[in-house]
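Notes for the one structure printed next.
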Amino acid sequence: MFRRLVECTVQGIGWADLDGNIVYMNPSLRRMLDLAQDVDVSGRLLHHFRPADATQVAGEMLSVARDPGSWSGEVPLLSELGRVIPTRHDIHLLRDDAGTPIAFGCVITDLSQHKRHEQSLRESKSKYRALVENIPQRVFYKDQQSRYLAVNRHY
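Under my numbering, the first residue of the sequence shown carries the number 108, and numbering increases by one thereafter.
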């Protein structure tokens, strides 16, 4: 049942050994990275999927994940087709029943759509500010207590 959950989730899920060699990628992670489902990824190093400018962060995240047992942050991935994908990684040091570290588990979220929405919102705000600042009318905003929150330059 757990295997079905891992294989049908939209999150990318992967395991790597303690040296960073990939052991497993779920179907979502393979799609994210433009990898066919039948491609053998065992033995590939994690840095194979990193843009050159993200290699340092990628190395640091595993060393940090070793000590406290987890690391979370944004790191870009590089797909097999050369696409740079903004992602969030949640990496956890996996231990056996005796507490001995045995692997790294990672949940990867594709942030591409989120980043596009953020960019669209920034552009929309910029256009709105330009419009409000350049119309000849006075524009202002007040809160419920009639305190000014914002005014344009003509006010």
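C-beta: ideal position from N, C-alpha, C; glycine also.
As the structure is a prediction and not an experimental result, all values here were calculated from the model.
Nearest-angstrom Cα separation, counted from residue j out to residue i
i: Thr194; j: Asn133; result: 16 Å
i: Arg223; j: Arg229; result: 10 Å
i: Arg190; j: Ala257; result: 41 Å
i: Asn241; j: Asn259; result: 8 Å
i: Asp204; j: Ser149; result: 24 Å
i: Thr226; j: Ser233; result: Before going on, a small fix: residue 226 reads as Gln here, not Thr. Each residue's Cα considered, the two are about 11 Å apart.
i: Asp315; j: Val113; result: This structure cannot settle anything about residue 315, because the visible part of the chain is limited to 108 through 262.
i: His261; j: Gly127; result: 59 Å
i: Ile129; j: Thr207; result: 19 Å
i: Thr216; j: Cys115; result: 14 Å
i: Lys243; j: Gln220; result: The sequence given here has Pro at residue 243, not Lys. Rounded to whole angstroms, Pro243 to Gln220 spans 37 Å at the Cα level.
i: Phe247; j: Ala237; result: 14 Å
i: Lys249; j: Tyr255; result: 4 Å
Bridge partners - residue i, DSSP secondary structure assignment
i: Phe247; result: Val258
i: Thr216; result: Arg195
i: Tyr131; result: Trp122
i: Glu181; result: Arg195
i: Asn201; result: Going by the sequence as given, residue 201 is Leu instead of Asn. BP columns for Leu201 point to Ala210.
i: Leu152; result: Asn128
Cβ neighbour criterion (16 or more within 10 Å) applied to residue i
i: Met168; result: buried
i: His196; result: buried
i: Phe109; result: exposed
i: Leu153; result: buried
i: Ala172; result: buried
i: Ser170; result: exposed
i: Ser135; result: buried
i: Val146; result: exposed
Beta-carbon spacing of residue i, residue j below 8 Å
i: Ile192; j: Trp178; result: no
i: Leu188; j: Asp141; result: yes
i: Gln144; j: Arg137; result: yes
i: Arg157; j: Leu185; result: yes
Heavy atom of the ligand ATP within 7 Å of residue i beta-carbon
i: Gln144; result: In the structure shown, the ligand ATP is absent, as is every other ligand, since no ligand is present at all.
Handout entry: Three or more C-beta pairs below 8 Å linking the region 200-216 and the region 119-139
Key = With contact defined as three or more Cβ pairs closer than 8 Å, the region 200-216 and the region 119-139 are in contact.
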